[in-house]
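Asker:
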Amino acid sequence: AKFLPSAGENLELTLTLFGFLELPASIIAWWFPRKFGIAKTIAMLYLVETVFFAGLFLSGGYGLAALLLARVICSALYNLLFTLCTAGFPPEVRSTGGGMLPNVGRLGSMCAPLLGYLDTKMVVWISIISSCLGFIVCKAFVSSLPGKYTSADQNESP
5 AKFLPSAGEN LELTLTLFGF LELPASIIAW WFPRKFGIAK TIAMLYLVET
55 VFFAGLFLSG GYGLAALLLA RVICSALYNL LFTLCTAGFP PEVRSTGGGM
105 LPNVGRLGSM CAPLLGYLDT KMVVWISIIS SCLGFIVCKA FVSSLPGKYT
155 SADQNESP
């Protein structure tokens, strides 16, 4: 008898596991910026995400662990990028920054079905390259931000 269903065969189990991963992602998105600053945290998380995506090439349970850890980092990055997108614009056009991230996400959702036609290894390589590009763009974007977003003192209250 099969006591534990496969995650691929059970949509409710998969969604529940991904739901539980939001808690550590929220903790990461809350604690790391207070310790290192939001911009450095985003750059660091892109590097960590790249390593976890590279871990998808591993066999056995290691690939699944790498996938779940990459999911945690992706959730934390989304929360932090949403904050940074709104902070990177002056108050007069701040809603532009707030609307930019969901709209870019929609573009990704439109392109996602095309990934189904590619080989699995190609999809992993695309993920690794996109994470590296995210790190490079983040490092370039950090230089244009005010100092309060690049240091950990940003959350200190008087």
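Numbering (my numbering), first residue to last: 5 to 162.
Quick reminder that beta carbons are idealized off the backbone N, C-alpha and C, glycines included.
1) Assign residue 139 to one of two classes, buried (16 or more other C-beta atoms within 10 Å of its C-beta) or exposed (fewer than that).
2) Pick out whichever of 33, 18, 50, 26 has its Cα sitting closest to the Cα of residue 143.
3) Taking 7 Å as the limit between beta carbons, can you name the residues of its chain near residue 74, skipping five residues before and five after?
4) As a quick exercise: from 21, 78, 70, 106, pick the residue whose alpha carbon is nearest that of residue 47.
5) Residue 114 to residue 107, Cα distance in whole Å?
6) Would you mind reading off the limits of the alpha helix (DSSP H) that contains residue 179?
7) Nearest-angstrom Cα distance between residue 70 and residue 60?
8) Work out the CA separation of residue 112 and residue 42 for me, nearest whole Å.
9) Would you kindly work out how many angstroms separate the C-alpha atoms of residue 45 and residue 32, rounded to a whole number?
10) Under 8 Å: do the stretch 79-98 and the stretch 19-34 share three or more Cβ pairs, one atom per stretch?
11) What three-state label does DSSP hand residue 92 in the structure shown?
12) Can you check the stretch 105-155 for any alpha helix (DSSP H) of at least 4 residues that lies completely inside it and give the ranges in chain order?
13) Any idea what DSSP makes of residue 63, helix, strand or coil?
14) Going by beta carbon distance, what residues of the same chain come within less than 7 Å of residue 25, once the five residues before and after it are set aside?
15) What are the start and end residues of the alpha helix (DSSP H) that includes residue 97?
16) Please look up how many angstroms separate the CB atoms of residue 109 and residue 101, rounded, as I've assumed it's under 8 Å.
17) Keeping to the same chain, check which residues put their C-beta closer than 6 Å to that of residue 131; ignore five residues upstream and five downstream.
Answerer: With the structure as the only source:
1) buried
2) 50
3) 53, 56, 57
4) 78
5) 11 Å
6) The shown model of the chain, from 5 to 162, leaves out residue 179, and the question about it has no answer.
7) 6 Å
8) 24 Å
9) 9 Å
10) yes
11) coil
12) 124-146
13) coil
14) 72, 75, 76, 79
15) Where residue 97 is concerned, there is no enclosing alpha helix (DSSP H), given that its DSSP letter is neither H nor E.
16) Contact doesn't hold; Cβ gap of about 14 Å is too wide.
17) 57
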